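Trainee: One structure is given below, represented as structure tokens, and several questions about it will come after.
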Amino acid sequence: MAYTVKQLLESKQFPDMRLVTCKENLNQEIKGIRIIEIEDMERYLTGGELLLTNMKVYFGETDREFRKHLNELEKKQVSGFIIKQHPDMVQKVNYYDILLKFCSERNIPVIEISEDEYYWGIIKYVILQIYDENIARLIYFKLTHDNISNMLLDGENFEDPTKNILFLLSSMIGNPVALYYSNLTCCASTTQDLSDFVFEKNVEKYKPDIVTRFEYKKQRKEHTQYITKIHVLGRVEVYLVVTEVNMPLTILDYMALENAVFTLQYSFMETYARNEIEKKYQRDIEYSLLNGLLTGDELSKAARMLKLEDTDQYCVVSFHTISSNSEDYYTKEELEEIGVIEGEIQRLLPDEHIYRNLNQIVCIHEIKPGETQAGFREEMEKLYQTVQKQIFHRNKTTDFQIGIGSIVNGYGDLKKSFKDSKKIIDYMDMLRYLYGDKNISVADFSKLGFFQIFEKIQNRDELMEYVPESLVKLYWYDKEHDGELIETLQAYLDCDKSANKAAEKLYVNYRTLSGRLKKIRDISGIDFKNSAEMLAVRNGIVLFKMAETL
Numbered sequence: 001m002a003y004t005v006k007q008l009l010e011s012k013q014f015p016d017m018r019l020v021t022c023k024e025n026l027n028q029e030i031k032g033i034r035i036i037e038i039e040d041m042e043r044y045l046t047g048g049e050l051l052l053t054n055m056k057v058y059f060g061e062t063d064r065e066f067r068k069h070l071n072e073l074e075k076k077q078v079s080g081f082i083i084k085q086h087p088d089m090v091q092k093v094n095y096y097d098i099l100l101k102f103c104s105e106r107n108i109p110v111i112e113i114s115e116d117e118y119y120w121g122i123i124k125y126v127i128l129q130i131y132d133e134n135i136a137r138l139i140y141f142k143l144t145h146d147n148i149s150n151m152l153l154d155g156e157n158f159e160d161p162t163k164n165i166l167f168l169l170s171s172m173i174g175n176p177v178a179l180y181y182s183n184l185t186c187c188a189s190t191t192q193d194l195s196d197f198v199f200e201k202n203v204e205k206y207k208p209d210i211v212t213r214f215e216y217k218k219q220r221k222e223h224t225q226y227i228t229k230i231h232v233l234g235r236v237e238v239y240l241v242v243t244e245v246n247m248p249l250t251i252l253d254y255m256a257l258e259n260a261v262f263t264l265q266y267s268f269m270e271t272y273a274r275n276e277i278e279k280k281y282q283r284d285i286e287y288s289l290l291n292g293l294l295t296g297d298e299l300s301k302a303a304r305m306l307k308l309e310d311t312d313q314y315c316v317v318s319f320h321t322i323s324s325n326s327e328d329y330y331t332k333e334e335l336e337e338i339g340v341i342e343g344e345i346q347r348l349l350p351d352e353h354i355y356r357n358l359n360q361i362v363c364i365h366e367i368k369p370g371e372t373q374a375g376f377r378e379e380m381e382k383l384y385q386t387v388q389k390q391i392f393h394r395n396k397t398t399d400f401q402i403g404i405g406s407i408v409n410g411y412g413d414l415k416k417s418f419k420d421s422k423k424i425i426d427y428m429d430m431l432r433y434l435y436g437d438k439n440i441s442v443a444d445f446s447k448l449g450f451f452q453i454f455e456k457i458q459n460r461d462e463l464m465e466y467v468p469e470s471l472v473k474l475y476w477y478d479k480e481h482d483g484e485l486i487e488t489l490q491a492y493l494d495c496d497k498s499a500n501k502a503a504e505k506l507y508v509n510y511r512t513l514s515g516r517l518k519k520i521r522d523i524s525g526i527d528f529k530n531s532a533e534m535l536a537v538r539n540g541i542v543l544f545k546m547a548e549t550l
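Oh and the sequence shown: position 166 is 166 in UniProt numbering, straight run, nothing missing.
Spelled out as structure tokens, the structure:
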């Protein structure tokens, strides 16, 4: 049985619908429904369609050109128009009045809807009235596919097409949509809520009643959420989340959701490939700049490309990840994890020059007016906490550290700052001892204090000349007897010369600790009551640790 414009109005499904022309010709059969997406839409109609438009596609058309399109649409025997006035409706040509006059003269129904009404609810309802469910699925899949795919043509960067796709999908399914990175931080959302996503304990696998190759999950909170995992080149994962706030999802909504996932996947792959090319080019430039491989005109040209000024101050930050095996060999999984960390740092520091060299991620930071070294170190501490939290969330054991190089004037001395940022990571264990904090993972070069004098010594034997003779004796004793005297001495000093605390720290009893301390006195001759000698011994242990890095 034919479905007519009159039946649509009488259905009361859309209370805001208002008939503005042609009350006499409402028994026109609706044979299809389309959004006018291009000016010459008439070329793609089969006849009898109900057309939806805000007439924005005609903006810029002359009066004559617009009437010509309307004449062509009439030849297709369209069943009517559903219109809403676009906020930018004020144009040289009054398309709205021309359409109403044209349709009144030719007895074509025109229905007006409110500006905030979405077309897709009307499309879903009408399609299910004029087709059986299987055909309706196919037609709706085609309609949503065409509309969502067109989003790739809008915007020139990663975020614009992604956000456009999300907002279009949200209008199609009538519910808010959000996209999350693999670490569950929000990438984009159709609402103001940009908080991290949380998987609840009740999350379960879910299979909608459609043919799909994507993995769906469902969880119940205040509103039910549907989660789709999107894989990009087998390396990156993102989550598309629909929250059922306004209305339950239907079969047709899943068709739109499938198309959105396909399009986002393609968009991500395109963006990923483009970014990789750009990153490689920039990586080559920054590598040469930081390693002092450029001079003269080459250096100036590279600086201009990176927008670095010779009059500004900079410091280089090295983000280092330590391999979990003793050979310092990075597995494929560890390298992939470093790639994820790189993405997190780029998200947290969007305006910085960042590049990755295998296991090391490097940032060139410009010192802003009024910015202090302590203030910047505090910012890096916050970044460390955020990244470490995400590493923990992914159940990874990556040892993540941040080394902040010295501040230099102009891009010409970036090599020095880069070298310092790597050194401070090499000395991280030494700093943990020096400051009595085994949790230090963020440090700047200034923390070395007067030990910066010794870091310039690159010969181990030469550095050992500054170590007190008493410590050298203990070192050789430990070497010959596989002993633990220097470790015991270090623990004793760390615990403010408390034998009880030192014994507890080393997991030995008090008598064993006392025996070791006596042996230390006998071998080295150290006077524990002499504060000056104790300072020299403590500094000597630090120099030992510096020597271990050579």
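We treat Cβ as the ideally placed atom computed from N, Cα and C, and that holds for glycine.
Keep in mind the model is a prediction, meaning the values are calculated, not measured.
Identify the continuous beta strand (DSSP E) that holds K205 and give its terminal residues.
Mentor: Counting along the chain, the beta strand (DSSP E) containing K205 begins and ends at 204-206.
Trainee: In angstroms with no decimal places, state the Cα-to-Cα distance between R220 and E244.
Mentor: Approximately 10 Å, taken between the alpha carbons.
Trainee: Quick check: what's the CA-CA separation for D132 versus I139?
Mentor: One C-alpha to the other measures close to 11 Å.
Trainee: Tell me which residue opens and which closes the beta strand (DSSP E) that D444 is part of.
Mentor: Taken as a continuous stretch (DSSP letters only), the beta strand (DSSP E) holding D444 covers 442-444.
Trainee: Taking Cβ positions, are C187 and L194 nearer each other than 7 Å?
Mentor: Their beta carbons are not under 7 Å apart, which means C187 does not touch L194 by this criterion.
Trainee: So R106 is in the alpha helix (DSSP H); what residue range does that whole segment cover?
Mentor: Counting along the chain, the alpha helix (DSSP H) containing R106 begins and ends at 95-106.
Trainee: For K124, count neighbouring C-beta atoms within 10 Å of its own C-beta (all shown protein chains included) and say buried if the count is 16 or more, exposed if not.
Mentor: It counts as buried.
Trainee: Go through the UniProt domain "CdaR GGDEF-like" (296-425) residue by residue and report every complete run of the alpha helix (DSSP H) that reaches 4 residues or more, in order.
Mentor: Segments of the alpha helix (DSSP H) lying fully in the UniProt domain "CdaR GGDEF-like" (296-425): 296-306, 332-348, 373-393.
Trainee: According to DSSP, E237 sits in a beta bridge with which residue or residues?
Mentor: For E237, which the question treats as bridged, DSSP gives the partners H231.
Trainee: Rounding to the nearest angstrom, what Cα-Cα distance links Q13 and E258 in this structure?
Mentor: Taking the straight line joining both Cα atoms gives about 26 Å.
Trainee: Quick check on F158: does DSSP put it in helix, strand or coil?
Mentor: Caution applies to F158, whose pLDDT of 44 falls short of 50 and renders its modelled position unreliable; the model cannot decide the point.
Trainee: From P109, D196, F66, L179, pick the residue whose C-alpha is nearest to that of K389; which is it?
Mentor: The option with the nearest alpha carbon to K389 is D196.
Trainee: DSSP on E258, reduced to helix/strand/coil?
Mentor: Three-state DSSP puts E258 in a helix.
Trainee: Report the rounded CA-to-CA distance for F66 versus A178, giving the unit in angstroms.
Mentor: About 38 Å.
Trainee: Run the CB neighbour count on R213, radius 10 Å, all protein chains shown included, and call it buried at 16 or more, exposed below.
Mentor: Counting Cβ neighbours within 10 Å, R213 comes out exposed, since fewer than 16 surround it.
Trainee: Assuming S318 contacts S421 (C-beta within less than 8 Å), just tell me the rounded distance between them.
Mentor: Correct: roughly 4 Å between the Cβ atoms.
Trainee: I'd like to know whether the C-beta atoms of R432 and L493 end up nearer to each other than 7 Å.
Mentor: For R432 and L493, no; Cβs fall outside 7 Å.
Trainee: How close, in whole Å, do the beta carbons of I364 and V442 come, if the pair is a contact with beta carbons under 8 Å?
Mentor: Their Cβ separation, rounded to whole angstroms, is 18 Å, which puts I364 and V442 out of contact at 8 Å.
Trainee: Hey, Q401 and H320: beta-carbon distance below 7 Å or not?
Mentor: Taking 7 Å as the Cβ cut-off, Q401 and H320 qualify as a contacting pair.
Trainee: Quick one: grab the DSSP three-state call for residue 590.
Mentor: With the chain covering only 1 through 550, there is no way to say anything about residue 590.
Trainee: What are the start and end residues of the alpha helix (DSSP H) that includes L471?
Mentor: 469-481 is the span of the alpha helix (DSSP H), which, as asked, contains L471.
Trainee: What are the boundary residues of the beta strand (DSSP E) that I83 is part of?
Mentor: Where I83 is concerned, the enclosing beta strand (DSSP E) stretches over 80-83.
Trainee: Classify Y44: buried if its beta carbon has 16 or more other beta carbons within 10 angstroms, exposed otherwise.
Mentor: With fewer than 16 Cβ atoms within 10 Å of its Cβ, Y44 is classed as exposed.
Trainee: What's the call for N183, buried or exposed, on a 16-neighbour Cβ count within 10 Å?
Mentor: Buried.
Trainee: For E381, I'd like the list of residues in its chain whose CB is within less than 6 Å of its CB, leaving aside the five on either flank, ordered along the chain.
Mentor: Cβ neighbours of E381 beyond the five flanking positions: V442.
Trainee: Does T144 come out as helix, strand or coil in the three-state DSSP assignment?
Mentor: Helix at T144.
Trainee: Per DSSP, what kind of secondary structure is E29 in: helix, strand or coil?
Mentor: E29: strand per DSSP, three-state reduction.
Trainee: Quick one, are the C-beta atoms of residue 553 and T224 less than 7 Å apart?
Mentor: The chain is shown only over 1 to 550; residue 553 falls outside these bounds and no answer can be derived.
Trainee: Taking 8 Å as the threshold, find out whether the segment 198-211 comes into contact with the segment 288-298 through three or more Cβ pairs.
Mentor: Contact fails: fewer than three Cβ-Cβ distances are below 8 Å.
Trainee: What span of residues does the beta strand (DSSP E) with R511 cover, start to end?
Mentor: No beta strand (DSSP E) holds R511; the alpha helix (DSSP H) holding it covers 510-524.
Trainee: With a threshold of 7 Å between beta carbons, is K68 in contact with chain D?
Mentor: This model lacks chain D altogether, as it is built from one protein chain only.
Trainee: Would you kindly report the start and end of the unbroken alpha helix (DSSP H) that includes R43?
Mentor: Premise fails: R43 is in no alpha helix (DSSP H) and is neither H nor E.
Trainee: Ignore the nearest five residues each way along the sequence and tell me which others in E159's own chain have a CB closer than 6 Å to its CB.
Mentor: Residue confidence for E159 is low, a pLDDT of 49 falling below 50, so the modelled location carries little weight and cannot support an answer.
Trainee: Does the beta-carbon of E156 have 16 or more other beta-carbons within 10 angstroms, so that it is buried, or is it exposed?
Mentor: Confidence at E156 is low in this model, with a pLDDT of 46, below 50, so the placement of that residue should be treated as unreliable; the coordinate-derived value is given next. E156 comes out exposed.
Trainee: Quick one: Cα of I361 to Cα of N395, how far?
Mentor: Distance between the alpha carbons of I361 and N395 is about 21 Å.
Trainee: Rounding to the nearest angstrom, what Cα-Cα distance links S11 and I111 in this structure?
Mentor: Going by the C-alpha atoms only, they are around 14 Å apart.
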